[in-house]
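Numbering (our numbering) for the sequence shown: 3 to 185.
Glycine included, every Cβ here is placed at the ideal spot set by N, Cα and C.
Here the structure is a predicted model, which means the values were calculated and not measured.
Quick notes on the structure that follows.
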Amino acid sequence: MFLFGHLGITLGIAVLLFRVLKIEPDRQLYGAVLVGAILPDLIDKPIGEILLADSISNGRLIAHTLLFALILVFIGIYVYNRNGALWGILLGGAALLHLCEDQMWLIPETLLYPLFGLAFPQGILEPHWWEYFIAAFFRTYSLAPDAAFALYSELLGMTVLTLFAGQQLTRNYRKAHEAAQVN
3 MFLFGHLGIT LGIAVLLFRV LKIEPDRQLY GAVLVGAILP DLIDKPIGEI LLADSISNGR
63 LIAHTLLFAL ILVFIGIYVY NRNGALWGIL LGGAALLHLC EDQMWLIPET LLYPLFGLAF
123 PQGILEPHWW EYFIAAFFRT YSLAPDAAFA LYSELLGMTV LTLFAGQQLT RNYRKAHEAA
183 QVN
């Protein structure tokens, strides 16, 4: 999955949870969801595909493990118990959703690290690190049957993000309009 899929799908799930649990989210909670949605990639892609491009060349390392996501969730629970802030739980929960969106159960050596040993699976070595990102882009936005999941995830994510942005703009417009009528 690519950027818009992670951001949009995770945000959509969070908005549904906020409504079901009757939580009035603020910018901090939305921020925690959006950062958590891409946190595993923000950590692992630069390390695995740039710094270690000549050796392991794998963009799914420690931040794509269940261990990493659960540590974030437990830290979030600690923060919540200490001061009632939900952002930590949401950050960890969004990182956990990232693993589901990446279908990490298909790579149990990474998902369940370190149960299968301390080595991560070897990725495809590219002559230059930037070739990985170009190839990933074209694989994601391809009409090939094997790329359908990534493409549809991106389209769904873009749709959710567009609807969310429209809702926020409408809400802000109404508040500004009501405030102008009061004055």
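Of the residues the options, the one placed nearest residue i, counting alpha carbons only
i    : options                 : result
L120 : A87, L63, A137 and L99  : L63
E133 : I11, A55 and S155       : A55
N37  : L158, A16 and S155      : A small fix is needed here, since residue 37 is Val in this sequence, not Asn. Ranking L158, A16 and S155 by Cα distance to V37 puts A16 first.
T67  : D104, L113 and V75      : L113
R29  : P42, D46, I40 and L92   : L92
L99  : N174, A65, L117 and K47 : A65
W89  : A39, S59 and L117       : A39
For residue j and residue i, the rounded distance between their alpha carbons
i    : j    : result
G7   : I49  : 22 Å
A87  : L145 : 43 Å
F122 : Q169 : 42 Å
V35  : I79  : 15 Å
L157 : A150 : 10 Å
E51  : L165 : 33 Å
Three-state secondary structure (DSSP) of residue i
i    : result
H130 : coil
L145 : coil
G125 : coil
A65  : helix
Q105 : coil
I58  : coil
E26  : coil
Y32  : helix
Proximity test, residue i beta-carbon vs the ligand GDP heavy atom, cut-off 6 Å
i    : result
P123 : No copy of the ligand GDP appears in this structure; indeed no ligand is present at all.
Inset, instruction - Mind the definition here: the region 172-181 touches the region 18-26 only if three or more C-beta pairs lie below 8 Å; say whether that holds. - result: no
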